[in-house]
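Participant:
Protein chains: 2
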Amino acid sequence: MKAYKIPEATVMRLSVYSRYLYQLMDDGVKSISSDEIARGVGVSSAQVRKDLAYFGEFGTRGVGYKVDVLYGHLMKILGLDRSWNAIIIGAGKLGSALALYEGFNTRGFIIRAVLDNDPERIGTKLGNVEVEKLDVLAERVQENNITIGIVTVPASAAQEVTDKLIHAGVKAILNFSPRVLKVPNKIILRNVDLSVNLEVLSFNINFSK
Amino acid sequence: MKAYKIPEATVMRLSVYSRYLYQLMDDGVKSISSDEIARGVGVSSAQVRKDLAYFGEFGTRGVGYKVDVLYGHLMKILGLDRSWNAIIIGAGKLGSALALYEGFNTRGFIIRAVLDNDPERIGTKLGNVEVEKLDVLAERVQENNITIGIVTVPASAAQEVTDKLIHAGVKAILNFSPRVLKVPNKIILRNVDLSVNLEVLSFNINFSK
DNA sequence: ACCTTCTTGTGAAACAGTTAGCAAATAATA
DNA sequence: TATTATTTGCTAACTGTTTCACAAGAAGGT
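This is the structure:
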């Protein structure tokens, strides 16, 4: 694909744009300008155009963008013109919540399995998947062609399950544990640290006065 | 307080450093260099020193940092030398998971109330708080001196509950709904969009081949 | 056909954040 | 006390991202 690097912030904004466009389509809007998108999602219009410019020319000068066409391009760019199989490791509160979160399904992310080691949790149903023992990790990843592993275990177990996921063949890991994970270069890693987010808030409340 | 702006990335890293230092204290480590911190959390040592330099001089040249002292400074900088009262709006799967998440309590964030409008959910217990009707929002915020509102309602209700939170007097909002919220300047807002995170992954898997 | 209005796409400028490198400070050793 | 080995704090260089500003293209009106 394309040669040079896309800023991560750009990718995140594309995701936001795509959802905004979806909403517009729902409302029956056919055409939109970069300025309207910008106001809708809270960035500058130059930012919107720059972000899109990484991938091509999708608009018409003097006119704007066709909502459905741009939406289609964005979904393709984000890799959402297909579905992705994912597995959740850790069936605690957060893991369970994510397993049942509709927001993933509606964007094409399908949770194929949820694993845990706690006997209390094994066998319980989360939507239409049943919590299974950690042992079946490699098996489930391979038989379901799972590319994304979601880690929601305590910090102490995070590196271990991550290693197992990588060994089993996942390409990307979304880590919710408050632990810095070591992964090979070819593995795509993202960290979502819930406490960090609250702490940025408390810093800002504190600091702005 | 301080005059010039701290990068958000710096604040996030400070939070990560602080947790790493806590772990070190637990392990009985007394002193540490920026290089060791750097390797522990996966950044460069120059980055660590730069981040700390925004706030003062906490180390000793030729020696390093005293773990407990640096930890104390970081906790104070992050505003974690006190506790913060928070409220969760939306007792769905995610809201419930957050209400029960120990990671918040251990860092001084106390969930004082969880509200929802669904009669099915009202009255259910989440740990030691009971889900209540949305009506009591202003009352709960004021009587508990709540500064942080956590929004876990569907996108369609997000702006409305946000407005209510602001009106009731919260200073900061952590938004988990996939919706761009409009808030006054003085309100501190952070968005944690779970789908965006997965979509950055799918983009990267897609794009890197 | 020409003029006016609109809005994209893009190079250049401005800004922000990260990395590099080194002087200054400390401790240990002889 | 001098020497050596460390490691911070800080400035400067670098790299990356965002904003600016405008030429180019499109549509509608006259």
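Chains as they are written, first to last, in this note's numbering: chain A, 1 to 209; chain B, 1001 to 1209. Where a beta carbon is used, it is the ideal one built from N, C-alpha and C, also for glycine.
#1: Does chain A have any CB closer than 7 angstroms to the CB of residue 1199(B)?
#2: To the nearest angstrom, how far is it from the Cα of residue 135(A) to the Cα of residue 108(A)?
#3: Between residue 32(A) and residue 1182(B), what straight-line distance do the alpha-carbon atoms span, to the nearest angstrom?
#4: Is there a C-beta anywhere in chain B that falls below 7 angstroms from the one on residue 195(A)?
#5: Could you compute how far the alpha carbon of residue 1123(B) sits from the alpha carbon of residue 176(A)?
#6: When you compare the CB of residue 38(A) with every CB in chain B, is at least one pair closer than 7 angstroms?
#7: Got a sec? Which residues, its chain only, sit under 6 angstroms from residue 203(A) by beta carbon, not counting five neighbours each side?
#8: Between residue 157(A) and residue 1201(B), which are expected to be in contact by the criterion C-beta below 8 angstroms, what is the C-beta distance as a whole number of angstroms?
#9: Could you please tell me which residues of the segment 1162 to 1174 of chain B, in chain order, have their CB closer than 7 angstroms to any CB of chain A?
#10: Going by other Cβ atoms of all chains shown within 10 Å of its Cβ, with 16 needed for buried, is residue 3(A) buried or exposed?
#11: Using the Cβ count rule (16 or more neighbours within 10 Å means buried), how would you classify residue 178(A)?
#12: Can you name the start and end residues of the beta strand (DSSP E) that residue 8(A) belongs to?
#13: Where does residue 1078(B) sit, in a helix, a strand or coil, going by DSSP?
#14: Out of curiosity, what's the CA-to-CA distance linking residue 976(B) and residue 1020(B)?
#15: If the cut is a Cβ gap below 7 angstroms, which residues of chain B does residue 178(A) touch?
#16: Step through the CB atoms of chain A and report whether any lies within less than 7 angstroms of the CB of residue 1204(B).
#17: Would you mind stating whether residue 141(A) and residue 168(A) have Cβ atoms separated by less than 7 angstroms?
#18: Going by DSSP, which residues form a beta bridge with residue 1031(B)?
#19: Tell me the rounded alpha-carbon separation between residue 1023(B) and residue 1116(B).
#20: Measure from the alpha carbon of residue 1196(B) to the alpha carbon of each residue in 51(A), 104(A) and 48(A), then state which is nearest.
#21: Just curious, the alpha helix (DSSP H) that residue 1103(B) is in, first and last residue?
#22: Report the partner residues of residue 1125(B) according to the DSSP bridge assignment.
#23: Spatial neighbours of residue 46(A) within its chain, please: C-beta separation below 7 angstroms, excluding the five flanking residues on both sides.
#24: Taking the alpha-carbon positions, what's the residue 1051(B) to residue 1147(B) distance?
Facilitator: Short version:
#1: yes
#2: 26 angstroms
#3: It is roughly 20 angstroms from the alpha-carbon of residue 32(A) to the alpha-carbon of residue 1182(B).
#4: Output row for residue 195(A): interface = yes.
#5: 29 angstroms
#6: So, not an interface residue.
#7: So no residue of the chain qualifies.
#8: Contact between residue 157(A) and residue 1201(B) does not hold, since their C-beta atoms are separated by about 21 angstroms, which reaches or exceeds 8 angstroms.
#9: 1171, 1172 and 1174
#10: In this prediction, residue 3(A) scores a pLDDT of 47, lower than 50, which makes its location untrustworthy; no coordinate-derived value is stated.
#11: So residue 178(A) counts as buried.
#12: Not the beta strand (DSSP E): residue 8(A) falls in the alpha helix (DSSP H), residues 8 to 26.
#13: coil
#14: What is shown of chain B runs 1001 to 1209, which leaves residue 976(B) out entirely.
#15: 1019 and 1103
#16: At least one chain A Cβ lies under 7 angstroms of residue 1204(B).
#17: Yes.
#18: The secondary-structure analysis by DSSP pairs residue 1031(B) across a beta bridge with 1066(B).
#19: 37 angstroms
#20: Distance from the Cα of residue 1196(B) is smallest, within the candidate group 51(A), 104(A) and 48(A), for 104(A).
#21: 1102 to 1105
#22: 1130(B)
#23: none
#24: 26 angstroms
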